[in-house]
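Each remark here refers to the structure printed beneath this line.
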Amino acid sequence: MATKKMILDLDTGVDDALAIAYALAAPDVDLIGIVSSYGNCLVEQSGENSLKLLELLGATDVPVFLGASHSSTTDHFDVMQVSKDIHGNNGIGEVALPKAKRPIETQSGIDFLIEAAHKYADNLIFVPTGPMTNLDAALAKDPAIADLIGNVTFMGGALTVEGNVTSDAEANINQDPEAADRVMRSHLKITMVGLDVTLRTLLTKAETQVWRNLGTDAGKNYADITDFYIDAYYNLDIDKNGCALHDPLAVGVALDPSFVQTIDLNMKVTYDESNYGRTVGDKDRLNDPTTNVKVAVNVDKQRYLDTFMNYLTQLFKQH
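According to our numbering, the sequence shown is numbered sequentially starting from 145.
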């Protein structure tokens, strides 16, 4: 049993699947639950994907909860075609995994997060790798958790590079920029792992072949899932050198902040029509004596990739 406890908040697509594996393999944290979100797929599909992957990896003790099914400003959500192109129609690279034996929990993901914040306080690490809707809703329901949660390390945003949805917006923030803005302005201790660093950490088929060569179910399925993602990056001309390790990098940084260089800022998210979903420093709080967001701007990519491959390969060997 590790002292540190982690909750993942996932819209479970391919890189979210890799984030689950990293969190399970890391020796210095216990993954105590996954809250599902919308984005790469619908929230129900996200939850089912997480359960299937947990079962594949022998982690049937980890519960999965449903979070919000759409943003804080809409009444429904439709998966974008580009998300299907990148992650597959089922979110996990069109790989068909058996339906998990464990059902999705009946408790809401938002209530689970609030309970865990009060139980574990500073030892709780919360890692959202989709929109901020669930965390925003939890803060609205119980503002006290902002001073309880040890750290929120999220994958999203872009400070020093363009977005990947528009020139301003990164996909996760773009799903619910108003929720993200409220989270950024809270008392939470936050680390932003955005496109600035995730686009530097690339995985290739040389690495997935290592998993395939293990001859295990986990190795083969994770190789298939990730190869779909690598091919999508190539075919859509996102990056012809490999796929970015967006979500698992956030998990890595949550556990070892020395993977990245950061700058301290008070951040905001804009949601007017001219720059919808932009993550940027808040000029009105530039001279405040304290800041609450550490923004990653560079990454020790080789050390991270070595750690990532060591953790996941050892895990896949066993399953």
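The beta-carbon is built from N, C-alpha and C at its ideal position, and this holds for glycine as well.
Simplified DSSP state of residue i, which is helix, strand or coil
i, result
"Phe-403", "helix"
"Phe-452", "helix"
"Val-173", "coil"
"Leu-154", "strand"
"Pro-287", "helix"
"Phe-270", "strand"
"Met-299", "strand"
"Lys-461", "helix"
"Ile-230", "helix"
"Leu-198", "helix"
"Thr-434", "coil"
"Ile-317", "helix"
CB contact flag (residue i, residue j, <8 Å)
i, j, result
"Ala-165", "Leu-201", "yes"
"Thr-342", "Met-276", "no"
"Gly-466", "Ser-194", "Since the first residue of the chain shown is 145 and the last is 463, residue 466 is not available in this structure."
"Arg-422", "Asp-280", "no"
"Leu-257", "Val-206", "no"
"Asn-318", "Ala-212", "no"
"Val-443", "Thr-348", "no"
"Ser-503", "Gly-237", "Residue coverage of the chain in this structure runs from 145 to 463, which leaves residue 503 outside it and unanswerable."
"Ser-330", "Leu-283", "yes"
"Gly-183", "Asn-308", "no"
"Thr-297", "Ala-398", "yes"
"Ile-94", "Val-158", "Past the boundaries of the shown model lies residue 94; the chain is included only from 145 to 463, so the question cannot be answered."
Beta-carbon separation (whole angstroms), residue i vs residue j, contact threshold 8 Å
i, j, result
"Gly-301", "Gly-338", "4 Å"
"Leu-449", "Ile-230", "Their Cβ separation, rounded to whole angstroms, is 21 Å, which puts Leu-449 and Ile-230 out of contact at 8 Å."
"Val-439", "Met-328", "That belief does not hold up - the Cβ atoms of Val-439 and Met-328 are roughly 11 Å apart, past 8 Å."
"Phe-460", "Leu-358", "6 Å"
"Val-437", "Ala-324", "With 8 Å as the limit, Val-437 and Ala-324 do not qualify as a contact, their Cβ atoms being about 11 Å apart."
Residue i, enclosing alpha helix (DSSP H) - first and last residue
i, result
"Met-328", "321 to 328"
"Val-341", "339 to 342"
Residue i - containing beta strand (DSSP E), residue span
i, result
"Lys-427", "Here Lys-427 belongs to no beta strand (DSSP E), and DSSP marks it neither H nor E."
"Leu-210", "208 to 210"
Checklist entry - What are the uninterrupted segments assigned as beta strand (DSSP E) that are 3 or more residues long and contained completely in the segment 350 to 415, given in chain order? => result Within the segment 350 to 415, the complete beta strand (DSSP E) segments at least 3 residues long are 404 to 409 and 411 to 414, listed from N- to C-terminus.
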